[in-house]
Amino acid sequence: MIKKILIANRGEIACRIILTAKTMGIKTVAVTSFADRYATFAMIADQVIQIGPAPAAESYLDIDKILAAAIETGADAIHPGYGFLAENAAFAEACQKQGIIFIGPGAKAIRDMGLKDRAKTLMEKAGVPVVPGYHGANQDPKFLAAAAKKIGYPLMIKAVAGGGGKGMRLVKKAGEFAEALKGARREAANSFGNDRVLLEKYLETPRHIEVQVFGDAAGNVVHLFERDCSIQRRHQKIIEEAPAPGMTDVLRERLTGAAVRAAKAIHYENAGTIEFIVDAAGGLTDQTRFYFMEMNTRLQVEHPVTEMVTGLDLVEWQILAAEGKPLPLKQKEIKLDGHAIEARLYAEDPDHDFLPQSGTICWQSFPDEDDAFRLENGYGLGDQVTVHYDPMMAKLITWGETRKSAIVRLKQVLEASEVAGIKTNLAFLAAVCGHREFLGGNITTHFIEDHDGDFATAPPYPPEVMVVIAALTYLDDRREERQSAYDAPDPWSPFSGEGWRMNHDYCENLSFVYLDQVYHLRAEPLRGTGVATFYLDGDYLATGHRQYGHENTFELQFADRRESIAISAISHLDRIFLIRGGRTDEVRHLLPEEEMAGEATAPGTISSPMPGRILEVLAKNGQNVTKDTALIVMEAMKMEYTLRAPRDGQVEGLEAKAGAQVSEGQILLEIV
Ligand code: ADP
């Protein structure tokens with residue numbers, strides 16, 4: 055019997071594991087990096103050990119430190135979560151050596167499935183179909199180019215040690231192969247310390263359908279049905295659901311059968327997922343072809359959708375399996391009920407190629423959970439999303455009797471959720487949920503690219519209305535300050551507070567920046583009330599107030615109409631966040647001295663969007679470039695990102711060298 059589990063992970067999955075352990079009466083130990091010492095998962099664990107600095111290599115990936123923490127706290131088992139050490143065979147072995155139970159499969163199974171080429175070879179032997187391609191040992195670029203020609207284009211280059219979409223390249227024609235191979239290798243070497251690749255035929259209308267399997271020590275293997283994870287960006291999942299839309303009984307039988315066969319072939323124990331790529335040209339039919347892609351020998355991020363449709367707790371199953379107990383249910387006792395769907399909330403910018411974002415969560419609010427809505431959140435108010443870890447913040451999972459009702463509910467909860475201080479994909483996810491083709495189940499893994507442009511959201515109101523709301527919020531925050539000026543013995547005295555104007559009531563000149571535009575407002579608050587009148591560049595704009603007792607309602611009288619506006623307004627220092635429908639707009643109050651300093655960066659300036667490392671410098675000083683020419687390849691938040699020319703011109707001031715660390719906002723070059 056396991057009595058105490060150390061969780062070798064962080065964020066939402068650490069919280070998730072701790073909650074199940076609690077219900078089973080098992081004590082928990084959190085290990086944290088210094089950056090995470092106040093994180094939610096550290097707060098809810100029974101014990102916390104800080105193991106090292108923020109970089110994962112010195113904390114969550116440091117096997118010795120984690121084992122030392124387990125020994126110190128007397129933990130008899132370690133749950134690795136997903137990512138970090140979850141699929142590290144050496145870690146599983148090291149746990150075993152210390153007599154600590156690793157909650158997951160044996161080291162051999164991890165190793166067998168750890169490399170994509172080896173896994174494919176094993177699966178071929180077990181009679182599981184694999185994607186046609188080359189997964190041999192020869193890594194000579196000339197040989198690979200010849201192999202690519204044989205396979206035919208388009209094709210995929212994949213790092214054999216790959217995961218999370220890294221070290222992967224889609225190559226559309228022979229001319230692009232050499233460059234793509236170089237990129238895939240570099241990314242693979244960087245991320246996995248292994249630059250070997252395999253080649254695969256690219257399926258044109260692929261769906262990603264995976265099967266959850268579970269094995270016990272006695273060699274029993276069951277499946278818990280399939281999940282469809284076709285909605286992806288950058289080859290990474292953002293929406294997952296179970297069951298797969300349009301799945302037929304016959305195809306399900308074949309897919310789950312192949313998955314169970316695959317797991318049995320490697321004597322698999324504990325939770326695992328067999329990922330298939332399905333050729334869904336004409337939707338799913340009994341005859342639809344599917345191929346083994348890889349096996350994930352751990353709990354998946356998207357396991358909650360399976361839990362919602364089966365009513366089971368997969369972490370509980372994992373703990374029982376690790377204790378050597380038989381699987382709680384037989385195959386025919388596992389039932390599929392209704393439909394579940396998960397959206398992954400990421401700190402990223404959907405408007406800029408989903409670039410990961412870092413920063414402080416100044417505000418967040420989610421609807422209350424119930425039987426049909428589950429929130430898995432790893433972050434609390436005031437927490438930092440740092441560049442050191444994956445930018446996934448939370449998962450929202452809903453259930454419905456039908457696919458449609460599950461999606462409708464998901465859209466509702468996404469639109470009712472609020473996050474400010476950091477850009478997220480909330481509104482983007484809500485837009486996907488509202489897309490006709492998505493609702494119709496017409497999905498492939500390039501759904502997001504195919505419908506690019508359909509998911510953009512617009513601000514809920516015209517800019518000047520947004521600015522007035524921000525201004526009212528700003529004034530509302532300072533009511534007390536103003537009141538003390540009014541309450542002064544002589545309110546008309548120039549010495550009794552700010553805003554004094556000769557022969558005038560109190561008024562303030564306020565400047566705000568919204569969507570890169572500066573707005574100059576004159577505000578005349580009506581003494582003793584929350585009402586103020588605003589003039590924009592001297593012209594009357596509106597009179598209004600923020601409703602008492604209804605913080606998120608603003609009443610505004612414009613020259614030609616009256617409007618009652620419902621929007622969440624949150625201030626944080628000089629930033630005012632206006633949140634509605636999952637979308638957060640930021641209006642910044644500009645201090646007079648800032649305004650004097652003028653605009654900081656010229657439009658042709660290229661600066662680093664976040665802290666990172668320069669991988670390759672493609673441009674030269676003096677070079678003439680056209681808009682969108684690739685200039686610098688950098689790595690930030692473990693992802694490659696290419697900085698491109700914002701306009702035609704000549705490169706100047708380029709000093710960055712490959713290998714250099716750069717900080718956020720650091721100016722790298724100019725296009726003049
Ligand atoms: P990783 O292990 O890095 O996550 P996978 O091999 O699981 O990479 O592939 C990730 C995604 O890339 C898949 O879900 C699918 O969308 C796409 N993909 C992978 N292989 C192919 C292929 N042969 N043809 C078409 N799409 C593919």
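As numbered in the working numbering, residues 55 to 726 make up the sequence shown, in order.
In this text, a Cβ means the ideal position worked out from N, Cα and C, and glycines have one as well.
Here the structure is a predicted model, which is why all the values come from computation and not from measurement.
Item: Contacting residues, own chain, Cβ-Cβ under 8 Å from Phe408 (five flanking each side not counted); Value: Arg287, Arg288, Tyr400, Glu402, Asn479
Item: Completely contained beta strand (DSSP E) runs for the region 189-228, where each covers 3 or more residues; Value: 209-213, 222-225
Item: Distance, Ile660 Cα to Arg698 Cα; Value: 8 Å
Item: Three-state class that DSSP yields for His734 in the structure shown; Value: Lying outside 55 to 726, the shown extent of the chain, residue 734 is not represented and no answer is given.
Item: For Ala376, the nearest candidate out of Met347, Ile154, Ser625 (CA to CA); Value: Ile154
Item: Simplified DSSP assignment, three categories, for Tyr695; Value: strand
Item: Helix, strand or coil at Ser419 according to DSSP, with G and I counted as helix; Value: strand
Item: DSSP-derived helix/strand/coil call for Arg398; Value: strand
Item: Burial state of Met97 (16 or more Cβ within 10 Å); Value: exposed
Item: Span of the alpha helix (DSSP H), counted from its first residue to its last, around Leu480; Value: 480-487
Item: Same chain only: Cβ atoms within 6 Å of Pro183, ignoring 5 sequence neighbours per side; Value: Tyr345
Item: Runs of beta strand (DSSP E) wholly within the region 565-626 (minimum 3 residues, chain order); Value: 571-579, 586-590, 593-600, 607-612, 616-620, 622-626
Item: Every unbroken beta strand (DSSP E) within the region 629-671, with a cutoff of 3 residues, ordered by chain; Value: 629-634, 637-644, 659-661, 666-671
Item: Extent of the continuous alpha helix (DSSP H) to which Ser459 belongs; Value: 457-469
Item: Residues of its chain near Ile67, where Cβ-Cβ distance is below 7 Å and the 5 sequence neighbours each way are ignored; Value: Gly135, Tyr136
Item: Rounded straight-line distance, which links the Cα of Ile157 to that of Arg70; Value: 14 Å
Item: Val332 Cβ short of 6 Å to the ligand ADP heavy atom set; Value: no
Item: Test item: CB-CB of Arg685 and Leu669 under 7 Å; Value: Sequence check: residue 685 is Leu here, not Arg. No, these two residues do not count as a Cβ contact at 7 Å.
Item: Meets three-Cβ-pair contact criterion under 8 Å: the region 298-317 and the region 360-380; Value: no
Item: Host beta strand (DSSP E) of Lys255 (start-end); Value: 251-255
Item: Separation of Ala512 from Ala654, as counted between CA atoms; Value: Only weak support exists for where Ala654 lies, its pLDDT of 47 falling under 50; the value from the coordinates is given anyway. Looking at the two C-alpha atoms, the distance is approximately 26 Å.
Item: Cα-Cα separation between Pro260 and Glu396, rounded to whole angstroms; Value: 20 Å
Item: Beta-carbon separation (whole angstroms), Ile721 vs Gly703, contact threshold 8 Å; Value: Contact flag wrong, Cβ pair sits at about 15 Å.
Item: Exposure label - His442; buried when at least 16 CB within 10 Å; Value: buried
Item: Own chain residues within Cβ distance below 7 Å of Glu617, not counting five before or after; Value: Leu610
Item: For Thr414, three-class secondary structure by DSSP; Value: strand
Item: Own chain partners of Lys711 with C-beta closer than 8 Å, once the 5 adjacent residues on each side are dropped; Value: Ile668, Val671
Item: Any beta strand (DSSP E) of 3 or more consecutive residues that is wholly inside the region 55-84; Value: 58-61
Item: Span of the beta strand (DSSP E), counted from its first residue to its last, around Leu338; Value: Run containing Leu338: none; DSSP gives neither H nor E here.
Item: Beta-bridge partners of Phe346, as assigned by DSSP; Value: Val184, Phe330
Item: Close Cβ partners of Asn244 (< 7 Å) along its chain, the five nearest in sequence each way excluded; Value: Glu689
Item: Cα-Cα separation between Arg281 and Tyr695, rounded to whole angstroms; Value: 30 Å
Item: Distance, Val679 Cα to Met210 Cα; Value: 29 Å
Item: Spatially closest choice to Tyr207 from Phe231, Ala213, Leu429, by CA coordinates; Value: Phe231
Item: Gln286 beta carbon near the ligand ADP (any heavy atom closer than 6 Å); Value: yes
Item: Residue range of the unbroken alpha helix (DSSP H) whose run includes Thr499; Value: It is not in any alpha helix (DSSP H) - Thr499 carries neither H nor E in the DSSP assignment.
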